[in-house]
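Here is the structure we will look at, set down as structure tokens.
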Amino acid sequence: MFKRKRLLVTHNGPFHADDVFAAATLSLYLKQQKLPWKLVRTRDEKMFEKGDFVFDVGGVYKAEHNRFDHHQRGGAGERENGMPYAAFGLVWRHYGEAVAGSAEIWREIDEDFVAPIDAHDTGHIIYEPINREITPVEISHVVAYFNSTWKEDARENDKHFLTLVSVATEILARLIKKTCDKVEGRQHVEEAYENARNKEVIVLDQYWPWHGVLKHKSDTIYAVYPHITGNWHVQTVEAEMFKPRKALPEAWAGQPEGELQKITGVADAVFAHPKRFLAGAKSREGAIALAKKALNS
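Each residue of the sequence shown is one higher than the one before, counting from 1417 in this note's numbering.
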């Protein structure tokens, strides 16, 4: 049965992560609905009237009419934390939950991924670099690399935009998968914590994303878990970024395997990171022994 292609309309000229990821969100939504689509980049107001979805252009925010612009006087509102909405955030606000599959996943992605892109697009400062000559490369910068230079044909931007929408769609789909698995994994970590007799060392039967859980458990010092290499790791829980609650012993730092075994008395100890946040053994028992020795050091 023939299905009419839904028309997505956004502005032409230079593009940004905002409009690229807004288009990616809509493409995922329409794919779920098994609806084909096409995209037009223009500032022709007649095309705004024809568009099924118009975003980042047009001066109107009316979700009930699928109009998602934030450039009008007064903007298009802001989140509870004060972060303004850009086009990506507006589209995600209304279609993100359907795309993500649950309110929890939708909310987490909005906080961790969508809001920072909105912040960049609206000129909202969210961090101060320590070294002003070296700043993070954000995804918004990477998207901007694909805009034409002054030596190139600006008409190529339309082709580059569609290429980036395809990439952004894959990124979003992967982010949703990763976030879903992370949320499920955190539940296993919560269970491991609740069942642990000794809350200072939490032993996980397999690797689950534990950092976001254990950082909120003030009595937990180390996590022990199996690694993809076949070894078992003991890792410090951070009190704050890059600052562990208790670093591993100084004497272990960077020692070769044989020497580490002598120092620790753990026969299958294999390494200890020079920064004292990570060590490993060949067995579960060996990693637990390292954690206990570190606690008592």
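In this text, a Cβ means the ideal position worked out from N, Cα and C, and glycines have one as well.
Under the three-state reduction of DSSP output, Val1599 falls in the helix class. With contacts defined as CB atoms closer than 8 Å, Gly1702 and Ala1688 fail to qualify as a contacting pair.
A Cβ-Cβ distance of about 5 Å is found for the pair Asp1434 and Ala1502, placing them in contact under the 8 Å criterion. For Phe1437, the enclosing alpha helix (DSSP H) covers residues 1433 to 1448. Within the segment 1553 to 1636, the beta strand (DSSP E) runs of at least 3 residues that lie entirely inside it are, in chain order, 1617 to 1619. Burial of Thr1426 is indicated by the presence of at least 16 other C-beta atoms within 10 angstroms of its C-beta. Under a 10 Å Cβ-count criterion, Val1553 is classified as exposed, with fewer than 16 other Cβ atoms of the shown protein chains found around its own Cβ. Taking a C-beta distance under 8 Å as the contact criterion, Thr1652 and Ala1667 do not qualify as a contact pair. For Arg1661, no beta strand (DSSP E) run applies, since DSSP gives it neither H nor E. In this structure the segment 1689 to 1701 touches the segment 1642 to 1658; the number of beta carbon pairs closer than 8 Å is three or more. By the criterion of a C-beta distance shorter than 8 Å, Tyr1623 is surrounded in its chain by Tyr1641, Pro1642, His1643, Ile1644, once the five residues flanking it on both sides are discounted. Just so you know, the alpha carbons of Thr1441 and Arg1489 end up roughly 25 Å apart. Taking 8 Å as the cut-off, the Cβ atoms of Leu1424 and Lys1466 do not count as close.
Between Thr1565 and Asn1547, the alpha-carbon positions lie close to 28 Å from each other.
For Pro1545, the three-state secondary structure derived from DSSP is coil. Taking C-beta atoms as the reference points, Ala1531 and Trp1522 fail to come closer than 8 Å. Leu1451 carries a coil assignment under DSSP once its states are collapsed to helix, strand and coil. Per the coordinates, the alpha-carbon of Ile1704 lies some 11 Å from the alpha-carbon of Glu1616.
Between Leu1580 and the set Arg1420, Phe1431, Lys1421, Gly1670, the nearest pair of CA atoms involves Phe1431.
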